[in-house]
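In the working numbering, the protein residues as written are 3 to 306.
Have a look at the structure below, then the notes.
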Ligand code: ADE
């Protein structure tokens, strides 16, 4: 299998749809193997509870670190650190426990800074190497959707499409205990937190579906026509919105397609499309133009 994907959620049935359509075919072809796990399978109490009230007060519930840790230790193949009993009464933690928590907390800033730096660098070989590094390649990249995290972009999708094992953790309610990602970072796990956009969803399931689709469609053999991937918005060197598309007939309900597209002059067509991509990006997403690498714009582009 090219890529193994584990998903942890309190609604694993949500991911049943992955057996349909393109994704189902990719699974049948052996390109991906997806398993959705129920977080509650790692609980021990009769109510299978996964959340608790926020420390410091406030509305809603926060997902408990102990349940996640049992689940993630298991799926990451790490030795469980603490016994279930210790985890269950976390309030009466030993000194050793407390120290460990401090250490993990102390790392938060550093670890987060590293994560952001990595996201900001080019899709550098280093990034990809970080994922593909031989011996470590069997350790999954751990990904948590989180509305308060850096934006997930096409660059992240491209980078993650080179990993051979992804583990997604879906948060619910008001989120998950912040010590979960910092603890696993401190254990040397490649932990990512991403927002899929500036809006709030009820939980991570939809966000994971979005990231999963963006990542897996880049796997060789996933799409019928690989060329369609190369030309798309946000990819390639340009990172512009795409030009508009038309099909036949040349005139429909009195609206004609732009004449140049009918000219058969490929150079002219390319220039027209490039100009349109630049103009539309400038109008709709000026932030993408700002973010462009200067080298991505040719002399002719600049004139536009
Ligand atoms: N969970 C809730 N809202 C989210 C968002 N916008 N992105 C990622 N995860 C989320």
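Glycine included, C-beta positions come from ideal geometry on N, C-alpha and C.
One or two residues paired with residue i in a DSSP bridge
i	result
residue 170	9, 145
residue 37	8
residue 83	Beta-bridge pairing links residue 83 to no other residue.
residue 65	53, 178
Own chain, CB closer than 7 Å to residue i, minus 5 neighbours either side, in chain order
i	result
residue 66	52, 53, 54, 179
residue 13	207
residue 154	196, 197, 198, 213
residue 42	12, 50, 52
residue 140	167
residue 80	189
residue 210	9, 147, 170, 172
Exposed unless 16 or more other CB atoms sit within 10 angstroms - verdict on residue i
i	result
residue 292	exposed
residue 165	buried
residue 148	buried
residue 186	buried
residue 97	At residue 97 the pLDDT is 42, less than 50, meaning the model places this residue with poor confidence and gives no usable figure here.
residue 9	buried
residue 7	buried
residue 163	buried
residue 34	buried
residue 128	Reliability of the predicted coordinates at residue 128 is poor, the pLDDT of 38 falling under 50, and no value is obtained from them.
residue 94	Reliability of the predicted coordinates at residue 94 is poor, the pLDDT of 41 falling under 50, and no value is obtained from them.
residue 135	Any reading at residue 135 must be qualified, since the residue scores a pLDDT of 44, below 50, and its modelled position is unreliable; the value itself is stated next. Residue 135 is exposed by the Cβ-count criterion.
residue 142	buried
residue 245	buried
residue 91	Caution applies to residue 91, whose pLDDT of 45 falls short of 50 and renders its modelled position unreliable; the value that the coordinates give is listed next. Classification of residue 91: exposed, given that the 10 Å Cβ count is below 16.
residue 57	exposed
residue 262	exposed
residue 131	Caution is warranted here: a pLDDT of 40 is assigned to residue 131, below 50, making its placement in the model unreliable, and the coordinate value is therefore given only provisionally. Under this definition residue 131 is an exposed residue.
residue 300	exposed
Cβ shell of residue i (< 8 Å), same chain only, five flanking positions each side left out
i	result
residue 228	222
residue 231	219, 220, 225, 237
residue 286	243
residue 60	176
residue 32	3, 4
Close Cβ partners of residue i (< 6 Å) along its chain, the five nearest in sequence each way excluded
i	result
residue 295	none
residue 191	144
residue 29	none
residue 193	144, 183, 186, 187
residue 44	69, 72, 73
residue 253	none
residue 259	248, 252
residue 76	none
residue 306	277, 280
residue 284	291
residue 27	none
Interface flag, residue i vs chain D, CB-CB below 8 Å
i	result
residue 276	The structure shown contains no chain D; it is built from a single protein chain.
Quiz item: Taking contact to mean at least 3 C-beta pairs separated by less than 8 Å, is the segment 194–211 in contact with the segment 161–181?
Solution: yes
Quiz item: Is there contact here, the segment 212–226 with the segment 159–173, by at least three beta-carbon pairs under 8 Å?
Solution: yes
Quiz item: With contact counted as at least three CB pairs below 8 Å, one residue from each stretch, are the segment 35–47 and the segment 8–23 in contact?
Solution: yes
Self-check item: Secondary structure, beta strand (DSSP E): runs of 3+ residues fully inside the segment 153–230
Solution: 167–171, 193–196
Practice problem: Output the residue ranges of the beta strand (DSSP E) runs that lie fully inside the segment 234–287 and measure 3 residues or longer, sorted by chain position. | Solution: none
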